[in-house]
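Accompanying notes for the structure given below.
Number of protein chains: 2
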Amino acid sequence: MSIEFIPYGHVTTPEGFVAGAVCAGMYASGPKAGQPDLGILFSQRECASAGVLTTNLVRSAPVYVNEKRLPAGNLRGAVTNSGNANAPFGNAGIAEAEEMAALAARHAGVPPEQFAVCSTGVTGVVLPIDKVRAAIPGITLSREGGPDFARAIMTTDTRPKQAAVAVTEGGRLLFRVGGCCKGSGMIHPNMATMLAYMTADAAVEPGYLQRLTKKVADATFNMVTVDGDTSCSDTLLVFANGAAGGETIREVDPAASLLEEAFMAVATRLARELARDGEGARHLIAVNVSGAATLGEARQLARTVALSSLVKTAVAGNDPNWGRILVAAGRAGVRLDPAKASVSLQGVPLFRNGGVVPFDEDDVHGRMKADEVAIDIDLALGDGRATAWGCDLTTDYVHINADYRT
Amino acid sequence: MSIEFIPYGHVTTPEGFVAGAVCAGMYASGPKAGQPDLGILFSQRECASAGVLTTNLVRSAPVYVNEKRLPAGNLRGAVTNSGNANAPFGNAGIAEAEEMAALAARHAGVPPEQFAVCSTGVTGVVLPIDKVRAAIPGITLSREGGPDFARAIMTTDTRPKQAAVAVTEGGRLLFRVGGCCKGSGMIHPNMATMLAYMTADAAVEPGYLQRLTKKVADATFNMVTVDGDTSCSDTLLVFANGAAGGETIREVDPAASLLEEAFMAVATRLARELARDGEGARHLIAVNVSGAATLGEARQLARTVALSSLVKTAVAGNDPNWGRILVAAGRAGVRLDPAKASVSLQGVPLFRNGGVVPFDEDDVHGRMKADEVAIDIDLALGDGRATAWGCDLTTDYVHINADYRT
Chain A
3 MSIEFIPYGH
13 VTTPEGFVAG
23 AVCAGMYASG
33 PKAGQPDLGI
43 LFSQRECASA
53 GVLTTNLVRS
63 APVYVNEKRL
73 PAGNLRGAVT
83 NSGNANAPFG
93 NAGIAEAEEM
103 AALAARHAGV
113 PPEQFAVCST
123 GVTGVVLPID
133 KVRAAIPGIT
143 LSREGGPDFA
153 RAIMTTDTRP
163 KQAAVAVTEG
173 GRLLFRVGGC
183 CKGSGMIHPN
193 MATMLAYMTA
203 DAAVEPGYLQ
213 RLTKKVADAT
223 FNMVTVDGDT
233 SCSDTLLVFA
243 NGAAGGETIR
253 EVDPAASLLE
263 EAFMAVATRL
273 ARELARDGEG
283 ARHLIAVNVS
293 GAATLGEARQ
303 LARTVALSSL
313 VKTAVAGNDP
323 NWGRILVAAG
333 RAGVRLDPAK
343 ASVSLQGVPL
353 FRNGGVVPFD
363 EDDVHGRMKA
373 DEVAIDIDLA
383 LGDGRATAWG
393 CDLTTDYVHI
403 NADYRT
Chain B
3 MSIEFIPYGH
13 VTTPEGFVAG
23 AVCAGMYASG
33 PKAGQPDLGI
43 LFSQRECASA
53 GVLTTNLVRS
63 APVYVNEKRL
73 PAGNLRGAVT
83 NSGNANAPFG
93 NAGIAEAEEM
103 AALAARHAGV
113 PPEQFAVCST
123 GVTGVVLPID
133 KVRAAIPGIT
143 LSREGGPDFA
153 RAIMTTDTRP
163 KQAAVAVTEG
173 GRLLFRVGGC
183 CKGSGMIHPN
193 MATMLAYMTA
203 DAAVEPGYLQ
213 RLTKKVADAT
223 FNMVTVDGDT
233 SCSDTLLVFA
243 NGAAGGETIR
253 EVDPAASLLE
263 EAFMAVATRL
273 ARELARDGEG
283 ARHLIAVNVS
293 GAATLGEARQ
303 LARTVALSSL
313 VKTAVAGNDP
323 NWGRILVAAG
333 RAGVRLDPAK
343 ASVSLQGVPL
353 FRNGGVVPFD
363 EDDVHGRMKA
373 DEVAIDIDLA
383 LGDGRATAWG
393 CDLTTDYVHI
403 NADYRT
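Below is the structure:
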């Protein structure tokens, strides 16, 4: 059995999924004006669905709508716009979100309850539903539409983020898993929003699909941090339609581990791309923790270090500042003994067993100029392992978020 | 009874305290080269002492020494250097910290166990104790030495931070409380360190002084956030020597509330100055939370908002971005109902009872150009109130911490 990335794979690479996008005119100016900003992703067959929504108590209107629809586990599509998060934070916006879902469902030919809805962009303003009404009929859904959908959901992302894998056995295709996402983008000084969509043409038991979705999100999207500001719109939606044939996969089946591995592969790639394209980022930072007392503590530690402003600025300056890494680790709220801990940067040990390891500073400084910077922390306490992905903190991040809107 | 700030008051304004500083040569270059970098603060009388130390599990060597000495409650002084944090993070550095305390104690004429020791500056390097040995005898201790001490402990702080209050009753002086501190400074790309010292010439029962110290720290210094990176050296030391005369104040005495108020007044001023002088800061941000379910939740919420990168960059851009404030509040991990919450900026209501309040954006943008920006959040859930102090996130913060050391 093998799991392999499909070159240029995307969210409609799995069989039976179609997508499309159109310009609804959500952007009056800027690089996205006149570009697609409204897209639909749809399964041509009945399918199992699952999702994970933001844990923020302040939520955009679409989150309330999706929350009601996810438990049924039978969503077939999602409609998404960029340029406006439909997050007025009162009771407003809900009717608009529901209408947007209904318009997309009618266009696709399914009941409104089978559509999810997402919006991303500026907050504080109710979605201009008239633009959605006018634009939806113009969306053409096709197997080739995945990349258009991935572009439509971008805000200030510098590039679309998409991937797909094929799972084969003895040369025979078992199923495919695809996905796309958008990251922290500001179209206006406002908050980052993470939206991700994953598709599979395997048939999956709906209850298991939900547990799998949570597990995948915890190990991948939830391990990405750009600035620590959880959005009011964060959403991961997963669809599995069985178009590839084969038995319905349940949690107890041998095929479940293969399915999980395929989802993890796609989600990990998307998560890394989210971090790499963080606002103002010039480096992807991967913080690999091993030897933590538990998995939870490994994740907590990895996220804390990846989010540390002092670690992020050190990476921006290609500075092998192991002291900042260690001190960020010390405040992570996890069990840690500095006398046992080790820290490496780009594979070079800098601190080991409680003592500094002499190293060639110019050499490590040079190695840190790579696109990706790996920080390895071993606590030598237990079996907990985790990776978090972040990005460096540059003056561009400040410019993007501090320059007063005109 | 009244509590009033003393113009130009400082850490040796209370009776019976002396201080002094000298240049030990900790800085080879930069603005502090040739400036005082080693200071002693000393009580000429026996006194009660208390302290609060960093909660970081990765700690500088002086923290280990102070941790052993604080429980006795009879410290009489502290010796402090800037330019080197004596934080090699192994077992190294402890002997140097102990010797530094012993040298200062001998110079002051008391047993070594009655001295605390603090170091702040670059990490990863053992303190050059030979420089301390040579410099200590040159320190002259005097009533006027408080400001010299406050300057000696600075790293890249742009100014000393000091204050004192007089507590009077019917025109008669009861006692004075003074203090000084240093904030987030980088002499080298490295971590921020908070050191604070407070003195009182009231007599205070030692056990109560420790509880008071913890209470004051929780409401003031622990509510300051510059970049979320808890240091390995954070230390607050408090001395109360009874030189003003009067009965020893115990927790049950009526004078205790007066003492607490005086300590809170000085510590609050110092905490605000720490935030105002945060690295690269152009605005002090005060986040005032009311109506939280509990005091703990109010503090948690205030700190979360003050630390939010998106709120900090919005303040840097004078941007009345109430959406970012609300969304940061939503992820604070405290009980919150957006339909009840209100947000004001510089006293102008922007969001109330779950809805946007129309406001003059240019007006609020203009008001945000003030040195200090007040964010008021009312959750309308309970009686929890708290204030956190932070600063805006500017490109200067990134420059200070990302520019590779040469």
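Going line by line, the protein sequences match chains A and B. The first sequence begins at 3 in this note's numbering and counts up by one. The second sequence begins at 3 in this note's numbering and counts up by one. We treat Cβ as the ideally placed atom computed from N, Cα and C, and that holds for glycine. Keep in mind it's a predicted model, so treat the numbers as computed, not measured.
Check, Outcome
"Would you tell me roughly how many angstroms separate the C-alpha atoms of Ala74(A) and Met28(A), rounded to the nearest one?", "31 Å"
"What whole-angstrom Cβ distance do Ala388(A) and Arg301(A) have, given they're in contact under 8 Å?", "4 Å"
"Would you verify that the beta carbon of Thr237(A) is, or is not, closer than 8 Å to some beta carbon of chain B?", "no"
"Identify the contact partners of His285(B) in chain A, using a Cβ-Cβ distance below 9 Å as the criterion.", "What His285(B) touches in chain A: nothing, since even the nearest Cβ is about 11 Å away."
"Count the other C-beta atoms from every protein chain shown that fall within 10 angstroms of the C-beta of Gly349(A), then say buried if there are 16 or more, exposed otherwise.", "exposed"
"Are Ala202(B) and Val179(B) closer than 8 Å when you measure CB to CB?", "yes"
"Output yes if chain A places a C-beta closer than 8 Å to the C-beta of Ser311(B); else output no.", "yes"
"Determine the closest residue to Pro149(A) out of Leu176(A), Asp385(A), Pro9(A), Arg326(A), with distance taken between C-alpha atoms.", "Pro9(A)"
"Determine whether the beta carbon atoms of Gly392(B) and Leu309(B) lie at a separation below 8 Å.", "yes"
"Please compile the residues from chain A whose C-beta is within a distance smaller than 7 Å of the C-beta of Thr1(B).", "In this structure chain B extends from 3 to 408, so residue 1(B) is not present and cannot be described."
"How about Asn224(A): is its C-beta nearer than 8 Å to some C-beta of chain B?", "no"
"Please determine if the region 164-184 of chain A and the region 263-274 of chain A are in contact, where contact requires at least 3 C-beta pairs separated by less than 8 Å.", "yes"
"Can you tell me which residues form a DSSP beta bridge with Phe415(A)?", "There is no way to answer for residue 415(A), as the model of chain A reaches only from 3 to 408."
"Under 9 Å between beta-carbons, which chain B residues line up against Thr227(A)? List them in chain order, please.", "None at all; the shortest Cβ gap to chain B is about 11 Å."
"Please check the pair Gly36(B) and Gly22(B), which I expect to be a contact at CB under 8 Å, by giving their CB distance rounded to whole angstroms.", "With 8 Å as the limit, Gly36(B) and Gly22(B) do not qualify as a contact, their Cβ atoms being about 17 Å apart."
"For Ser346(B), count neighbouring C-beta atoms within 10 Å of its own C-beta (all shown protein chains included) and say buried if the count is 16 or more, exposed if not.", "buried"
"What's the C-alpha gap between Phe117(A) and Ala390(A)?", "32 Å"
"Apart from the five residues on each side of it in sequence, which residues of its chain come closer than 6 Å, Cβ to Cβ, to Tyr399(B)?", "Glu281, Gly282"
"Based on Cα-Cα distance, which residue from Asp321(A), Lys314(A), Gly332(A) lies nearest to Asp365(A)?", "Asp321(A)"
"DSSP three-state label for Ile131(A), please.", "helix"
"Assign Val89(B) to one of three DSSP states: helix, strand, or coil.", "Residue identity differs from the one stated: residue 89(B) is Ala in this sequence, not Val. In the structure shown, Ala89(B) sits in coil (DSSP, three-state: anything other than H, G, I, E or B)."
"What in chain B is Cβ-close to Thr15(A), meaning under 8 Å?", "Near Thr15(A) there are no residues of chain B at all, since even the closest Cβ is about 34 Å away, more than 8 Å."
"How about Pro64(B) and Ser121(B): are their beta carbons less than 8 Å apart?", "yes"
"Within a Cβ cutoff of 7 Å, which residues of the same chain sit near Glu171(A), ignoring the five residues on either side of it in sequence?", "Met3"
"Can a CB atom of chain A be found closer than 8 Å to the CB of Ala318(B)?", "yes"
"Note down, in chain order, all residues in the region 49-72 of chain A with a beta-carbon under 8 Å from any beta-carbon belonging to chain B.", "Thr57, Asn58, Leu59, Val60, Arg61"
"Leaving out five residues before and five after Met188(B) in sequence, what residues of the same chain have Cβ atoms less than 6 Å from its Cβ?", "At Met188(B), the pLDDT of 34 sits below 50, so the modelled position is not reliable; the number obtained from the coordinates is stated separately. Only Thr158, Ile402 meet the Cβ criterion."
"Quick check on this structure: which residue in Ala205(A), Ala94(A), Ala26(A) has the alpha carbon closest to the alpha carbon of Glu249(A)?", "Ala205(A)"
"Met200(B) by DSSP, collapsed to three states: which one?", "strand"
"Does the pairing of the region 241-257 of chain B with the region 350-364 of chain B give three or more beta-carbon distances under 8 Å?", "no"
"From the beta carbon of Gly298(B), is the nearest beta carbon of chain A less than 8 Å away?", "no"
"Rounding to the nearest angstrom, what Cα-Cα distance links Ala376(B) and Pro139(A) in this structure?", "47 Å"
"Check the C-beta distance from Glu6(A) over to Val167(A) and give it rounded, since I have them as a contact under 8 Å.", "6 Å"
"Under 8 Å between beta-carbons, which chain B residues line up against Leu381(A)? List them in chain order, please.", "Those do not exist, as Leu381(A) stays about 11 Å from chain B at its closest Cβ, beyond 8 Å."
"Closer than 8 Å by beta-carbon distance: list the chain B residues that pair up with His401(A), in chain order.", "Thr397"
"Give, in chain order, every residue of the region 81-112 of chain A whose Cβ lies closer than 9 Å to some Cβ of chain B.", "Ala87, Ala89, Pro90, Phe91, Gly92, Asn93, Ala94"
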